[in-house]
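Below: the structure, in structure tokens.
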Amino acid sequence: MGRIVGALGMSHIMFPPTGIEEQAERILSHMLEIRRRLHAMRPDLIVLAGADHLNTFTLAMQVTLAIGVSDRFTTLGDGGVPVREFAGHRAFAEGFARFASRRGFELVQAEEVRPDHGTAFPKLVLDPDNAIPTVPLFINAAMPVPPQPSRCLALGEALAAYVATERPADERVAVVGTGGLSHWLRLPDEGRIAEDFDRAVIAALVAGEAPRLAQMDSDAIIEAAGNGGLEVIAWLFAAGALPGARGEAIYYEPVPAWITGMGAVELFAETAAAGKGD
Amino acid sequence: MTRAVAPYRVHRLIQDLMRDPGAAAAFRVDPASTFAGYGMSGTECALLRQGTLAAMTELGVHPNLQMKYLRLAAPAPDAKALAAPGPLDAYLPRLLEL
């Protein structure tokens, strides 16, 4: 059986440091700390979950949950992230799509996808030399009907079961959920940051209380944390992959100049409930 | 709170321009013709021309597509703008460092 060796939640972009140089420098150092922690997990594979921003999946064809099954991906190049190629893992991705279909999740298999900054920036942070095959998972947080948080958590639990029962012995899988934290993008509340909500999310996750957080309705998250804050459902997916795990806040900073809360958490595999995902 | 949702043809216009650089260039030169091609009403044209958060909210343009639309509607970057640092340039050397 394979193993989930750790899970991370992290914001998935930075903006220019102009006017907030010290804070931006701190956040960069936190990003490099996230990299250090990911490498300490010694993963053979990363499952990287986050939102597409109406670049691959648009209002023309709205996709709720999709998995990138390609052998190689070329990133979109938006948000200042250089266009880069990285290896996927077809066998893992297609196998998970089949496994998930028996667990109540029909994942769209995406063969031709250009991962945007929601995937490409974290990938750059985590694995700058693209040495670790990475399976992107797309969780809609931008189009009108997102998956409910409880479903994202359950999909993470399904991933844990898949790795535990169907993957080769000793395969080490790290799971990363990206996006958020609170921000209101092009809405009348733009500029607001829900620091209390952000801190409560981080506190719940590191306390192993993701299931409680996942009881929120997606509309309630949007109300509390803005349309961009909904991206935290990808963090719930990552938490679901380590059921019951506790962890540690890596950082949290409200960044008014970037109109968003920024943060990251790590969940520790050794604290997960043994076998709960089976 | 229930928000307005723009007619799909507004979103279609933005998504089409995102996919078609030639159409996007023509739009910058002559937005009225592009609007006409998508059957925009006078009110819709006026709100799109304003492009403010209030106008786009009134029209109900999807927030993410608002950002894309504003980039499409902005003047084509000149040489100085093209030479300006990218949004992550201050960090890239260290992010790319192994």
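Here the protein sequences line up with chains A and B, keeping their order. Read in order, the letters of the first sequence are residues 1 to 278 in this note's numbering. Read in order, the letters of the second sequence are residues 1001 to 1098 in this note's numbering. Glycine is no exception: its CB is placed at the ideal position from the N, C-alpha and C atoms.
Give the C-beta separation of P256 (chain A) and I193 (chain A) to the nearest angstrom, bearing in mind that I take them to be a contact with Cβ-Cβ under 8 Å. 7 Å
Quick one: which residues of the segment 144–167 of chain A get their C-beta closer than 7 Å to a C-beta of chain B? List them in chain order. Listed in sequence order: no entries.
L1085 (chain B), buried or exposed, once every other Cβ within 10 Å from all chains shown has been counted against 16: A quick correction: the sequence has Pro, not Leu, at residue 1085 (chain B). Exposed, since its Cβ has fewer than 16 Cβ neighbours within 10 Å.
Quick one: what does DSSP say F197 (chain A) is sitting in, helix, strand or coil? helix
Can you give me the start and stop residues for the alpha helix (DSSP H) that T165 (chain A) sits inside? Membership of T165 (chain A) in the alpha helix (DSSP H) is indicated by the continuous run 149–166.
Given a limit of 7 Å on CB to CB distance, which residues of the segment 43–65 of chain A reach chain B? H53, L54, T58, L59, A60
Per-residue DSSP class, three states only, for Y252 (chain A): strand
Using only CA atoms, which one of A:H117, A:A164, A:A224 lies nearest to M10 (chain A)? A:H117
P1063 (chain B) in three-state terms, based on DSSP: Three-state DSSP puts P1063 (chain B) in a helix.
Is the Cβ-Cβ distance between L45 (chain A) and H12 (chain A) less than 7 Å? no
DSSP on R114 (chain A), reduced to helix/strand/coil? coil
Roughly how many whole angstroms lie between the Cα atoms of F57 (chain A) and E253 (chain A)? 30 Å
Relative to chain E, which residues along the segment 172–192 of chain A have a C-beta separation below 9 Å, given in chain order? No chain E is present in this structure, whose protein chains are A and B.
Identity of the residue in A:E190, A:R114, A:L185 nearest G68 (chain A) by Cα: Each of A:E190, A:R114, A:L185 was checked against the Cα of G68 (chain A), and the nearest Cα belongs to A:R114.
Contiguous alpha helix (DSSP H) assignments of at least 4 residues, all confined to the segment 178–225 of chain A: Listed in chain order, they are 195–206, 210–213.
State the DSSP-derived secondary structure class of M143 (chain A), mapped to helix, strand or coil. coil
Starting from L1047 (chain B), trace the alpha helix (DSSP H) both ways and give me its first and last residue. Per DSSP, L1047 (chain B) belongs to the alpha helix (DSSP H) from 1042–1050.
Per-residue DSSP class, three states only, for T56 (chain A): coil
Quick one: what's got a C-beta closer than 7 Å to E190 (chain A)'s C-beta in the same chain, skipping five residues either side? W184, I259
Under 7 Å between C-beta atoms, does G275 (chain A) make it to chain B? With a pLDDT of only 48 at G275 (chain A), under 50, the local geometry of the prediction cannot be trusted, and the value read off the model is given with reservation. So, not an interface residue.
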